[in-house]
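*Asks:* One structure, pasted below without further comment.
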Amino acid sequence: MGELPVSKTAAKREARIAEILECAEKHFSIKGFHGAGISGIAADCGISVGHLYHYFGSKDELIQAVVRLEMRRQDESIAAFENLSPENLRIEMAELTTAIFSTDNEPFRTVLNFEILAEAQRNPDVAELLQQQDKQMRLRFVSILRRAGIDDPETRTELIFTIFSGLSARALRHPQQERAALLVVIKDVILKILGDKPVTSGAACA
394 MGELPVSKTA AKREARIAEI LECAEKHFSI KGFHGAGISG IAADCGISVG
444 HLYHYFGSKD ELIQAVVRLE MRRQDESIAA FENLSPENLR IEMAELTTAI
494 FSTDNEPFRT VLNFEILAEA QRNPDVAELL QQQDKQMRLR FVSILRRAGI
544 DDPETRTELI FTIFSGLSAR ALRHPQQERA ALLVVIKDVI LKILGDKPVT
594 SGAACA
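Numbering (my numbering), first residue to last: 394 to 599.
Right, dumping it as structure tokens:
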């Protein structure tokens, strides 16, 4: 039996939720989670505060929904790596990584991610969401490297994730950076992290 069609009412509700989340992301990235007000978000969406609370019971609930939405986007980026062939993983992963960052042109999303990190320091519920998502992403990435026969996938995954995080931070702190030249070097760095070829435990101990 196929999936049941989504009713018009449900589709309308999903569209409204997506609209609220989009407005909330923009307000949170500009004013921060605690500086942005529900009234401003509601006004930007063209709805009343009471109507917004019909979809999200509290501001904390809205914040967590925004965090989950951003985490889903990051999960989707991992899915692209899962489609790479194990035989050509090194080259394809380095090329895909540079392609992702060469098309990353949403500075407000970088700001939003920093706001999420700051909120995680204050809010244990957000910290739990963030840490669980990071754990799942690491496990998926480790599995990708392991299938390709790459030794010590946990350490290599942590290094690559650190580069991912650092690039976003540098783009915010130094927006005039020569990204094209930087990406050429980063591609070489990714290749070195993954190794010239799968490393055996014996070779690593030599």
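Heads up, the beta-carbon is just placed ideally off N, CA and C, and yes, glycines get one too.
By DSSP, does L587 sit in helix, in strand, or in coil?
*Replies:* Residue numbering aside, residue 587 sits at position 194 when the sequence shown is read from its first letter. The answer is helix: DSSP assigns L587 an H, G or I state.
*Asks:* Would the beta-carbon of T503 fall within 7 Å of that of S561?
*Replies:* What you label residue 503 is simply residue 110 of the sequence shown in a count that begins at 1. What you label residue 561 is simply residue 168 of the sequence shown in a count that begins at 1. Their beta carbons are under 7 Å apart, which means T503 touches S561 by this criterion.
*Asks:* If we count the other Cβ atoms within 10 Å of its Cβ and call it buried at 16 or more, is T402 buried or exposed?
*Replies:* By 1-based counting over the sequence shown, the position of residue 402 is 9. Classification of T402: exposed, given that the 10 Å Cβ count is below 16.
*Asks:* Under DSSP, the alpha helix (DSSP H) around S558 begins and ends at which residues?
*Replies:* On the sequence shown, position 165 is the one that residue 558 refers to. Start and end: P546 to R566.
*Asks:* Extract the residue ranges of the alpha helix (DSSP H) inside the segment 405–453, only unbroken runs of 4 or more that lie entirely within it.
*Replies:* 431–438 and 442–448
*Asks:* Compute the Euclidean distance between the alpha carbons of D453 and E512, then round it to the nearest angstrom.
*Replies:* On the sequence shown, position 60 is the one that residue 453 refers to. On the sequence shown, position 119 is the one that residue 512 refers to. Their backbone Cα atoms lie some 11 Å apart in a straight line.
*Asks:* Assuming H420 and I434 make a contact with CB atoms under 8 Å, what is their CB distance in whole Å?
*Replies:* Taking the first residue of the sequence shown as position 1, residue 420 is located at position 27. Taking the first residue of the sequence shown as position 1, residue 434 is located at position 41. Under the criterion of beta carbons closer than 8 Å, H420 and I434 qualify as touching, at roughly 5 Å.
*Asks:* Between the C-alpha atoms of D581 and N481, what's the straight-line distance to the nearest angstrom?
*Replies:* Your numbering for residue 581 matches position 188 in the sequence shown. Your numbering for residue 481 matches position 88 in the sequence shown. Spanning the two alpha carbons is a distance of roughly 15 Å.
*Asks:* Roughly how many angstroms separate the alpha carbons of E551 and C416, rounded to a whole number?
*Replies:* One-based indexing of the sequence shown puts residue 551 at position 158. One-based indexing of the sequence shown puts residue 416 at position 23. Roughly 33 Å separates the two Cα atoms.
*Asks:* What does the Cβ neighbour count give for V459, buried or exposed, with the cut at 16 atoms within 10 Å?
*Replies:* If you number the sequence shown from 1, residue 459 lands on position 66. Buried is the call here.
*Asks:* Could you name the residues of the same chain whose beta carbon sits closer than 6 Å to that of I583, not counting the 5 residues immediately before and after it, in chain order?
*Replies:* As a working note, residue 583 is residue 190 in the sequence shown. The answer, listed in chain order, is A487 and T490.
*Asks:* Does the beta-carbon of S375 have 16 or more other beta-carbons within 10 angstroms, so that it is buried, or is it exposed?
*Replies:* Summary: the structure shown does not reach residue 375, with the chain confined to residues 394 through 599, and so no result is reported for it.
*Asks:* E480 lies in the alpha helix (DSSP H); which residues open and close that run?
*Replies:* Here the question's residue 480 lines up with position 87 in the sequence shown. Counting along the chain, E480 falls outside any alpha helix (DSSP H), and DSSP gives it neither H nor E.
*Asks:* Smallest Cα separation from I553: which of V519, F474, H444 and G430?
*Replies:* Taking the sequence shown and counting its residues from 1, the one referred to as residue 553 is at position 160. It is F474.
*Asks:* With the cut-off set at 7 Å, would you say L505 and E418 are in Cβ contact?
*Replies:* Locating residue 505 in the sequence shown gives position 112, counting from the first residue. Locating residue 418 in the sequence shown gives position 25, counting from the first residue. Contact: yes.
*Asks:* Once the 5 residues before and after E547 are set aside, which same chain residues still bring their CB inside 7 Å of it?
*Replies:* The residue given as residue 547 occupies position 154 in the sequence shown. Excluding residues within five positions, the ones whose Cβ falls inside 7 Å are V535.
*Asks:* Taking the alpha carbon of D518 as the point to measure from, which residue in R539, A404, R540 and L455 has its own alpha carbon closest?
*Replies:* Looking up residue 518 in the sequence shown gives position 125. Checking every option, the nearest Cα to that of D518 belongs to L455.
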